[in-house]
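Reading through the structure tokens given below for one structure.
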Amino acid sequence: MNEITIIIITYKSEKIIYNFIKKIPSTIKTVIIENSQNYKLKKNIELNYKNISVYIKKNDGVSSALNFAVDKIETKYFLQISPDIEFNFKDLEVFLKYTKKLNDNFAALGPRFLEVKEKSHKQINEKIEYGKIDSIHGSCMLINKEIFEKIGKFDDNFFLYFEETEYCYRAKKKGYTSYQINLIKVKSTGRSVETEDEAKKKLNNILIWHFIWSKYYFSLKKRGKILSLIIFIPLLIRIILRILIYKILKNNILLNKYKYRLKGLIKSMMGKSSDLRP
């Protein structure tokens, strides 16, 4: 298997990453970008896995880390995958089968996700073999490096969320289609970061901040400022009303959640960078 390089972005996920990489065949080149400055992790992995290279990088977000990783690979394709994904590496051959079937004319290929809510995670009809889809989920995404360079790298302004959505949108405008392959099935365990309870609460609020920031920023790129404001101002009002309600009810957990959502949205609407960090 010398056509695909695995790319993994990690942040405080030591146990998860060890469980994941032991399943990767030793013949497959793998690049890990470690965003939490864990030099011990780098040393241990590179000592025990000759097919894996670990790079320590300042935490500038997923997009920046992915772009950095792609610059390091020499294979025709790369599979960016989250370590919390349950993936059968034999399915790499299935991915390669479809790259040939599509004559390498695609933006990205992705699997079918099991046990997800269809409302929040759009997928094609499960009864068909494969099909066109607007966007591939970034937690498991196969890309041809040459096509990637033609389309353009991931937008570094995204720290987290929507970077793959924007990439697929930009690719579509340039004539490249994304496809979901139903023969490949994966499941997310939803545990890509390891934290204690209090740290987890703080991290969840930071994720909320980045989700709304990225959602508005993507809308701005897709629809322009006027239409984005028309869509998001009612949401802004609803968030403010929620804050007032939870303040009266003294529900501090939900109050903090919506405060982070409000701050993230306002910052994005003002054209400020996604600079909130864990």
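Going by my numbering, the first residue of the sequence shown is number 1247, and it counts up by one from there.
Every residue gets a Cβ at the ideal spot worked out from N, C-alpha and C, and that includes glycine.
Keep in mind that this is a model prediction, so the values were computed, not measured.
For the alpha helix (DSSP H) containing residue i, list its first residue and its last residue.
| i | result |
| --- | --- |
| SER1526 | Outside the shown range of the chain, which is 1247 to 1524, sits residue 1526, and nothing can be said about it. |
| PRO1357 | PRO1357 -> not in any alpha helix (DSSP H); beta strand (DSSP E) instead, spanning 1354–1359. |
| PHE1266 | 1260–1267 |
| SER1309 | 1308–1318 |
| ILE1254 | Where ILE1254 is concerned, there is no enclosing alpha helix (DSSP H), although the beta strand (DSSP E) it sits in stretches over 1250–1256. |
What's the call for residue i, buried or exposed, on a 16-neighbour Cβ count within 10 Å?
| i | result |
| --- | --- |
| THR1345 | buried |
| MET1516 | exposed |
| SER1514 | buried |
| ASP1337 | buried |
| ASN1451 | buried |
| GLN1283 | exposed |
| ARG1507 | buried |
| GLY1470 | exposed |
| ASN1268 | In the sequence as displayed, the identity of residue 1268 is Lys instead of Asn. LYS1268 is exposed by the Cβ-count criterion. |
| ASN1281 | buried |
Is residue i helix, strand or coil when you go by DSSP?
| i | result |
| --- | --- |
| TYR1323 | strand |
| ASN1450 | helix |
| ILE1331 | strand |
| ILE1270 | coil |
Taking the continuous beta strand (DSSP E) assigned at residue i, which residues delimit it?
| i | result |
| --- | --- |
| THR1276 | 1275–1280 |
| LYS1493 | It is not in any beta strand (DSSP E) - LYS1493 instead sits in the alpha helix (DSSP H) that spans 1471–1494. |
| THR1411 | Where THR1411 is concerned, there is no enclosing beta strand (DSSP E), although the alpha helix (DSSP H) it sits in stretches over 1409–1419. |
| TYR1506 | Looking at the DSSP string, TYR1506 is not in any beta strand (DSSP E); the run it does join, the alpha helix (DSSP H), is 1498–1515. |
| TYR1425 | 1424–1434 |
I'd like to know if the segment 1272–1291 and the segment 1254–1262 are in contact, where contact means that at least 3 CB-CB pairs between them fall below 8 Å. yes
Between the segment 1387–1402 and the segment 1313–1324, can you find at least three pairs of beta-carbon atoms closer than 8 Å? yes
Which ranges would you report for the alpha helix (DSSP H) in the segment 1343–1405 if only whole runs of at least 4 residues count? 1391–1397
With contact counted as at least three CB pairs below 8 Å, one residue from each stretch, are the segment 1500–1514 and the segment 1372–1391 in contact? no
With three or more C-beta pairs closer than 8 Å as the rule, is the segment 1455–1462 touching the segment 1403–1423? yes
Touch test, the segment 1358–1370 against the segment 1302–1319, Cβ-Cβ under 8 Å, three pairs minimum: no
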